[in-house]
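Trainee: Below is one structure. I have some questions about it.
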Amino acid sequence: MIRLFVHGACATPALLLLAGWFNNRLGVDPEKTLIWESGIWTFNLLLVVLLLPIVANWTQWPTLHRYRRAVGLWAFSYATCHFLFFITFLLGWDLNRLGEELQERPYIVFGFSAWLILVAMAATSNRAAIRWLRKKWRVLHLWVYAAAGLAAIHYLLMVRSHYGWAGTYTGIVILLITARFIRVRKKKATRDC
Amino acid sequence: MVRVTDQSVYKRRKFIAGALGLAALGSFSTLRYRGRMSASAAQAPSDELAIEDPAPSAADHSPTNLAERRITTKYAATHYNNAYEFGWNKSDPAQRSGDFQMRPWTVTIDGLCHRPGTFDVDDLMGTPFNQLEERIYDFRCVEAWSMVIPYNGRPLRDILAAVEPMGSARYVAFTSVLRPEEMPGQASLFSSLEWPYVEALTLQEAMHPLAFATFGVYGDHQLPQNGMPFRITLPWKYGFKSAKFITRITFTEEQPPATWNLTNPREYGWYSNVYPDIDHPRWSQATERRIWGEGDITRMPSRPFNGYADAVAHLYLGDKKQYR
Numbered sequence: 006m007i008r009l010f011v012h013g014a015c016a017t018p019a020l021l022l023l024a025g026w027f028n029n030r031l032g033v034d035p036e037k038t039l040i041w042e043s044g045i046w047t048f049n050l051l052l053v054v055l056l057l058p059i060v061a062n063w064t065q066w067p068t069l070h071r072y073r074r075a076v077g078l079w080a081f082s083y084a085t086c087h088f089l090f091f092i093t094f095l096l097g098w099d100l101n102r103l104g105e106e107l108q109e110r111p112y113i114v115f116g117f118s119a120w121l122i123l124v125a126m127a128a129t130s131n132r133a134a135i136r137w138l139r140k141k142w143r144v145l146h147l148w149v150y151a152a153a154g155l156a157a158i159h160y161l162l163m164v165r166s167h168y169g170w171a172g173t174y175t176g177i178v179i180l181l182i183t184a185r186f187i188r189v190r191k192k193k194a195t196r197d198c
Numbered sequence: 165m166v167r168v169t170d171q172s173v174y175k176r177r178k179f180i181a182g183a184l185g186l187a188a189l190g191s192f193s194t195l196r197y198r199g200r201m202s203a204s205a206a207q208a209p210s211d212e213l214a215i216e217d218p219a220p221s222a223a224d225h226s227p228t229n230l231a232e233r234r235i236t237t238k239y240a241a242t243h244y245n246n247a248y249e250f251g252w253n254k255s256d257p258a259q260r261s262g263d264f265q266m267r268p269w270t271v272t273i274d275g276l277c278h279r280p281g282t283f284d285v286d287d288l289m290g291t292p293f294n295q296l297e298e299r300i301y302d303f304r305c306v307e308a309w310s311m312v313i314p315y316n317g318r319p320l321r322d323i324l325a326a327v328e329p330m331g332s333a334r335y336v337a338f339t340s341v342l343r344p345e346e347m348p349g350q351a352s353l354f355s356s357l358e359w360p361y362v363e364a365l366t367l368q369e370a371m372h373p374l375a376f377a378t379f380g381v382y383g384d385h386q387l388p389q390n391g392m393p394f395r396i397t398l399p400w401k402y403g404f405k406s407a408k409f410i411t412r413i414t415f416t417e418e419q420p421p422a423t424w425n426l427t428n429p430r431e432y433g434w435y436s437n438v439y440p441d442i443d444h445p446r447w448s449q450a451t452e453r454r455i456w457g458e459g460d461i462t463r464m465p466s467r468p469f470n471g472y473a474d475a476v477a478h479l480y481l482g483d484k485k486q487y488r
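Right, dumping it as structure tokens:
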């Protein structure tokens, strides 16, 4: 039941965008809408991934830990669409230009690195990979915090003059990363005594 | 350390977490999509086609025949605008300009000229609005999108010549209106731009026949989102050089400041001519996405001076990097 709800909720923005695209309801520049909305929903889902363990602890609701994978895979899907939209609409599949853009534009480097992290995590999100990588798997999947940080920089660098949204997202990422550090320290402290 | 917490506490916490989650989703959607939802409820893009047909009287004395060129739909050109005075979102200028008072509107022309004064915008037109010249210009935004738009106005030089600039005048500065109570973007705390918006040209640029004093687009002057009641249009430069809501024109000897150039000189040059091979530091200017409206967008290579090189290239001698 919860599983169904999680997938349904994660799929909703994509379905709305799809419907908007075919009904010409995505505004005057639908290409840009797709790029921005896929990006913002990648970010939203990444924040959910970071929030889930906090909520799970606070409510003693261990089931929530399990949905990190589902939400994380959805974040990866939105990020992949975001990247494909960028290549299609802004570069017109001119892959030489992708190379140039990667060299010259920092915001693309940050976004692209965040996506590479998500690729690595998505590729190792099955049981076989968990068994095979063991301890390394945990370390690899801690990189989701790095991905969120890179996404925040990626967003900040895109701003032309209005920092409201990008600033808020960055603030939330900083809070969540700090919360993670505090949690780990507390755990260590309790283990020590 | 052992903490004992009653099961009912966790139940309550689950409830609180769920409520907070819903509240977060709700406020996010409202803040982000409020404009879009009201826009799509009100918009009927197919109805806009009817309005697009310009008045025949305007087309008669137009240098370019409308039938020869495809233009962007009026709906697209009036609902996708950069006018940070109303907000940073492209839909803000159309949606958040309801309080903006367009009349009375005066423009003060001063500085190094022999006949300074304050003029009513209707007098600046020189003729009734529907007798103004119509020009179809390619409009190229620094953000690498473009539109083809019919502008209604008269050459800027006709207005400037009337006040008789002095021989010492080398630049023309334009100051936009400052009305935070009517322009929500000017009142915003998060904006990094200084208000009022200022722009400037060399006198030579301002006197160029392509520089167009603009009082309307698509034969319509009630369009604050497009910079009315009075703006300038400089088709060979990036769009932000074409100052909107102008209330003051000043002739100077020293180079006047320009808002985007002040805010971020690395990214926005003072001249800001369209040079496809000089990138904006964060994106390429080699190509542009031409927005036609109704979701139709064409990717095309950008052209030096936005296609107006034959007319204006002679103004810029030497290394083009100094005119970026």
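Line order of the protein sequences matches chains A and B.
Following our numbering, the numbering of the first sequence begins with 6 at its first residue and continues without gaps.
Following our numbering, the numbering of the second sequence begins with 165 at its first residue and continues without gaps.
Idealized CB from N, CA, C, for every residue including glycine.
Since the model is a prediction, treat every value here as computed from it, not as a measurement.
Excluding five sequence neighbours on each side, which residues of the same chain lie with their C-beta closer than 6 Å to the C-beta of L365 (chain B)?
Mentor: The residue given as residue 365 (chain B) occupies position 201 in the second sequence. Only V336 meet the Cβ criterion.
Trainee: The segment 175-188 of chain B: which residues have C-beta closer than 7 Å to a C-beta of chain A, in chain order?
Mentor: R177, K178 and A181
Trainee: What residue range does the alpha helix (DSSP H) around F404 (chain B) cover?
Mentor: Residue numbering aside, residue 404 (chain B) sits at position 240 when the second sequence is read from its first letter. Looking at the DSSP string, F404 (chain B) is not in any alpha helix (DSSP H), and its letter there is neither H nor E.
Trainee: Is the segment 402-420 of chain B in contact with the segment 453-462 of chain B, if contact means three or more CB pairs nearer than 8 Å?
Mentor: Short answer: they don't touch.
Trainee: With F415 (chain B) as the anchor, note down where its beta strand (DSSP E) starts and where it stops.
Mentor: One-based indexing of the second sequence puts residue 415 (chain B) at position 251. That run of the beta strand (DSSP E) goes I410 to T416.
Trainee: Roughly how many whole angstroms lie between the Cα atoms of F250 (chain B) and R196 (chain B)?
Mentor: As a working mapping, residue 250 (chain B) is identified with position 86 in the second sequence. As a working mapping, residue 196 (chain B) is identified with position 32 in the second sequence. Using only the alpha carbons, I get a separation of about 16 Å.
Trainee: DSSP three-state label for C305 (chain B), please.
Mentor: Reading the second sequence from its first residue, position 141 is the one you call residue 305 (chain B). Coil.
Trainee: Out of B:D384, B:P344 and B:Q171, which one is the CA nearest neighbour of F264 (chain B)?
Mentor: To locate residue 264 (chain B), count along the second sequence from 1; it is residue 100. With distances taken between Cα atoms, F264 (chain B) lies closest to B:P344.
Trainee: Express the C-alpha separation of Q108 (chain A) and I92 (chain A) in angstroms, rounding to a whole number.
Mentor: Mapped onto the first sequence, residue 92 (chain A) falls at position 87. Mapped onto the first sequence, residue 108 (chain A) falls at position 103. Rounded to whole angstroms, I92 (chain A) to Q108 (chain A) spans 15 Å at the Cα level.
Trainee: Kindly indicate which three-state DSSP category D384 (chain B) falls into: helix, strand or coil?
Mentor: Looking up residue 384 (chain B) in the second sequence gives position 220. Three-state result, D384 (chain B): strand.
Trainee: Compute the Euclidean distance between the alpha carbons of L189 (chain B) and I158 (chain A), then round it to the nearest angstrom.
Mentor: Working through the second sequence from its first residue, we reach residue 189 (chain B) at position 25. Working through the first sequence from its first residue, we reach residue 158 (chain A) at position 153. So the alpha carbons of these two residues sit roughly 23 Å apart.
Trainee: Which partner residues does W66 (chain A) have in the DSSP bridge list?
Mentor: Your numbering for residue 66 (chain A) matches position 61 in the first sequence. According to DSSP, W66 (chain A) bridges with nothing at all.
Trainee: Under the DSSP definition of a beta bridge, which residues are partnered with C15 (chain A)?
Mentor: Here residue 15 (chain A) refers to the residue found at position 10 when the first sequence is read from its first residue. Paired residues: none, contrary to the question.
Trainee: From A370 (chain B) to G380 (chain B), what does the alpha carbon distance come to, in whole angstroms?
Mentor: Numbered from 1 along the second sequence, position 206 holds the residue referred to as residue 370 (chain B). Numbered from 1 along the second sequence, position 216 holds the residue referred to as residue 380 (chain B). Spanning the two alpha carbons is a distance of roughly 19 Å.
Trainee: Helix, strand or coil for E216 (chain B), going by three-state DSSP, please let me know.
Mentor: What you label residue 216 (chain B) is simply residue 52 of the second sequence in a count that begins at 1. Confidence in E216 (chain B) is poor, its pLDDT being 40 and thus under 50, which makes the residue's placement unreliable; the coordinate value appears in the next sentence. Note: E216 (chain B) maps to helix in three-state DSSP.
Trainee: Could you work out which residues of chain A lie near S356 (chain B), taking near to mean beta carbons separated by less than 9 Å?
Mentor: As a first step, residue 356 (chain B) is located in the second sequence; it is residue number 192 there, counting from the start. Residues of chain A passing the Cβ test: V164, R165, S166, H167 and Y168.
Trainee: For V60 (chain A), which residues in chain B fall below 7 Å Cβ to Cβ?
Mentor: If you number the first sequence from 1, residue 60 (chain A) lands on position 55. Near V60 (chain A) (Cβ distances below 7 Å), the residues of chain B are A181.
Trainee: Going by C-alpha distance, which of B:V271, B:P268, B:Y472 and B:Q368 is nearest S332 (chain B)?
Mentor: Against the second sequence, residue 332 (chain B) aligns to sequence position 168. Checking every option, the nearest Cα to that of S332 (chain B) belongs to B:Q368.
Trainee: Assuming S466 (chain B) and R304 (chain B) make a contact with CB atoms under 8 Å, what is their CB distance in whole Å?
Mentor: Taking the first residue of the second sequence as position 1, residue 466 (chain B) is located at position 302. Taking the first residue of the second sequence as position 1, residue 304 (chain B) is located at position 140. The pair is a contact, with the Cβ atoms about 7 Å apart (cut-off 8 Å).
Trainee: What does the alpha-carbon distance come out to for the pair S209 (chain A) and E452 (chain B)?
Mentor: Examination of residue 209 (chain A) is not possible in this model, given that chain A is present from 6 through 198 alone.
Trainee: Any contact between the segment 179-192 of chain A and the segment 130-143 of chain A? By contact I mean 3 or more CB pairs, one from each, below 8 Å.
Mentor: They do not touch, by the three-pair rule.
Trainee: Please confirm whether Y315 (chain B) and R334 (chain B) have their CB atoms less than 8 Å apart.
Mentor: For the purposes of this step, residue 315 (chain B) is identified with residue 151 of the second sequence, where counting begins at 1. For the purposes of this step, residue 334 (chain B) is identified with residue 170 of the second sequence, where counting begins at 1. Not a contact, by the Cβ cut-off of 8 Å.
Trainee: Under 7 Å Cβ-Cβ, which residues of chain B neighbour Y112 (chain A)?
Mentor: Walking along the first sequence from the start, residue 112 (chain A) turns up at place 107. Here the neighbours are R446.
Trainee: At a Cβ threshold of 8 Å, is R453 (chain B) touching chain A?
Mentor: The sequence position of residue 453 (chain B) within the second sequence is 289, counting from 1. Chain A, which has a Cβ nearer than 8 Å to the Cβ of R453 (chain B), makes this yes.
Trainee: Can you find a C-beta in chain B that's less than 8 Å from the C-beta of W66 (chain A)?
Mentor: Residue mapping note: residue 66 (chain A) aligns to position 61 of the first sequence, counting from 1. It does: the Cβ of W66 (chain A) has a partner Cβ on chain B nearer than 8 Å.
Trainee: On a CA-only basis, which of B:F409, B:Q259 and B:E431 is nearest L342 (chain B)? Give me that one, please.
Mentor: As a first step, residue 342 (chain B) must be located in the second sequence, where it is residue number 178. Among B:F409, B:Q259 and B:E431, the Cα nearest to that of L342 (chain B) is on B:F409.
Trainee: Measuring straight from C-alpha to C-alpha, what distance separates S352 (chain B) and R196 (chain A)?
Mentor: On the second sequence, position 188 is the one that residue 352 (chain B) refers to. On the first sequence, position 191 is the one that residue 196 (chain A) refers to. For S352 (chain B) and R196 (chain A), the distance between alpha carbons rounds to 49 Å.
Trainee: Starting from A364 (chain B), follow its DSSP beta bridges and name the residues at the other end.
Mentor: Here residue 364 (chain B) corresponds to residue number 200 of the second sequence, with the count starting at 1. Paired residue(s): B:A337.
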